[in-house]
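With the UniProt record's numbering applied, the sequence shown covers 1 to 372. Idealized CB from N, CA, C, for every residue including glycine. Quick caveat, the model's predicted, so the values are computed rather than measured. Read the structure below first, then the notes.
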Amino acid sequence: MTVRDFAFCKDNNPAILSLEMHCCLKQQKRIAELLQGILGDMLFVIKDYKQERFSTLQQLQRKVLIKYKADDQFLQEKLQTQSSTLFYTQSHDDMLIRFEDDEDDQNLQANVKQFSQTLDEHHKKICRELLEITSLYAVSLKLDKKPELVWIVSSVSEDKIQDVIKKSHGKFQEYVDNYFVRVYPLGLRFDSSNYDPFPSWIAGAQLVALNIQTKDIFMLQNYGMFLNSSYILKSNQDIKMNIYVRIISATNLVWEEVKRRQEEIVDPYIKIRVAGNKDDVNKSDKWRTEVVQDNGYHPIFNYQCVIQLRHAQQDVIYIQAYSYSMLGDSLLGQYCLSPLNIRTGYRIVPLLNSQFKTLANSYVLMHIKIEY
């Protein structure tokens with residue numbers, strides 16, 4: 001019911017509901033009944049499995065797509081074909097455990113065979129009712145073959161995607177023109193830290209998953225990229241723009257902690273950075289105002305800079321307010337947005353705290369001029 005009631009509060013773009021299933025067939029069937037009963041017409045169901053292109057964003061407005069594991073036999077039936085195009089999420093070779101001790105080779109081979117049989121049984125235990133309402137089937141990423149189905153998504157870890165982009169960049173870009181790719185954090189990130197999403201976005205991956213519970217710089221950039229829309233259409237052409245920025249002043253730059261706010265006075269400064277395409281990022285290291293001593297309530301900066309972007313559709317601009325200290329500067333507030341969403345004239349930038357919540361009466365006053 002939460003998905004039904006709140007999925008489209010921000011906009012009407014489609015929502016993807018990913019199922020991680022550990023239930024028996026009876027419970028899976030019940031889940032399928034609940035999804036159909038609660039979501040009703042909002043649930044997107046595939047009508048033509050042989051469709052050559054994925055449905056457009058406009059066709060999927062206010063629709064919920066179910067992402068679930070693929071079943072080879074089910075999809076062959078729907079496609080009316082006897083061929084197999086590697087529909088399984090992972091092949092048996094991917095799942096088998098590799099051992100290097102030759103002395104116990106026979107016993108280990110028996111264990112591997114038993115493990116493989118268990119996998120076979122597991123693959124068969126997929127509820128048909130769930131498959132019927134699935135519209136994104138999880139499959140392994142295979143760039144050497146063109147899949148027979150457009151209703152698929154491949155999940156790749158953050159480290160593997162870099163290898164794929166480096167070795168098969170052209171093939172990968174051709175693949176993501178027609179099929180979904182999802183990138184996810186490496187399992188070794190026990191601290192729930194995040195990775196830079198821009199290499200995957202720039203390469204063409206449609207879904208780049210982050211650890212949303214960690215509000216770090218990469219999560220801020222994700223916030224800025226999707227500030228105005230949950231989906232961003234890919235651009236076939238680079239957008240070049242020069243942004244003339246004048247940071248005039250700020251208001252109410254104070255410590256986030258109440259106790260510290262009562263005991264210490266801030267020495268604020270503002271810096272602007274670009275994240276995204278490397279050609280644009282390399283130019284943003286020097287954009288920073290002077291430090292204003294002992295005045296966080298209304299510091300005057302009057303700082304000017306020119307942000308030259310050659311791939312603006314692949315970038316975000318983030319603004320951060322800090323308090324200077326010889327022992328280490330402290331964050332006071334921040335904001336991030338796509339350069340394509342910047343408007344000209346005198347603008348007030350609302351600052352967010354470390355958890356991306358709006359700070360009360362905390363702003364940066366700027367003047368913006370843009371040349372294309």
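C-beta atoms of residue i and residue j nearer than 7 Å
i, j, result
"residue 270", "residue 251", "no"
"residue 319", "residue 272", "yes"
"residue 202", "residue 313", "no"
"residue 346", "residue 306", "no"
"residue 71", "residue 126", "yes"
"residue 74", "residue 130", "no"
"residue 200", "residue 183", "yes"
"residue 274", "residue 342", "no"
"residue 138", "residue 153", "yes"
"residue 333", "residue 351", "yes"
Reduced DSSP secondary structure (H/G/I, E/B, other) of residue i
i, result
"residue 341", "helix"
"residue 2", "helix"
"residue 326", "coil"
"residue 40", "helix"
"residue 131", "helix"
"residue 347", "strand"
"residue 70", "coil"
"residue 15", "strand"
"residue 150", "coil"
"residue 300", "strand"
"residue 78", "helix"
"residue 30", "helix"
"residue 63", "coil"
"residue 316", "strand"
"residue 369", "strand"
"residue 278", "helix"
"residue 141", "coil"
"residue 377", "It is not possible to answer for residue 377, since the shown part of the chain is limited to 1 through 372."
"residue 359", "strand"
"residue 123", "Reliability of the predicted coordinates at residue 123 is poor, the pLDDT of 47 falling under 50, and no value is obtained from them."
"residue 22", "coil"
Residue i versus residue j: straight-line alpha-carbon distance, rounded
i, j, result
"residue 40", "residue 211", "30 Å"
"residue 159", "residue 186", "7 Å"
"residue 396", "residue 163", "No statement about residue 396 is possible, as the shown extent of the chain runs from 1 to 372 and does not include it."
"residue 2", "residue 368", "40 Å"
"residue 381", "residue 287", "No answer is possible for residue 381: it lies beyond the span of the chain, which begins at 1 and ends at 372."
"residue 330", "residue 213", "21 Å"
"residue 15", "residue 372", "34 Å"
"residue 147", "residue 195", "29 Å"
"residue 221", "residue 197", "9 Å"
"residue 358", "residue 24", "44 Å"
"residue 38", "residue 268", "51 Å"
"residue 9", "residue 63", "13 Å"
"residue 362", "residue 354", "13 Å"
"residue 311", "residue 338", "11 Å"
"residue 417", "residue 292", "An answer regarding residue 417 cannot be provided, because it is not within the stretch 1 to 372 covered by the chain."
"residue 217", "residue 50", "42 Å"
"residue 323", "residue 263", "14 Å"
"residue 336", "residue 276", "12 Å"
"residue 192", "residue 219", "12 Å"
"residue 321", "residue 46", "48 Å"
"residue 145", "residue 57", "26 Å"
"residue 325", "residue 215", "23 Å"
"residue 177", "residue 227", "24 Å"
"residue 28", "residue 34", "10 Å"
(request) State whether the segment 156 to 174 contacts the segment 243 to 259, with contact taken as three or more CB pairs (one from each stretch) at a distance under 8 Å. (result) no
(message) Measuring CB atoms only, is the segment 60 to 79 touching the segment 11 to 19, in the sense that at least three cross pairs come out at less than 8 Å?
(response) yes
(request) Report the residue ranges of all beta strand (DSSP E) runs contained in full by the UniProt domain "PI-PLC Y-box" (153 to 226); include only those spanning at least 3 residues, in chain order. (result) 180 to 184
(request) Kindly provide the ranges of any beta strand (DSSP E) runs that are 3 or more residues long and lie completely inside the segment 220 to 261, ordered along the chain. (result) 241 to 251
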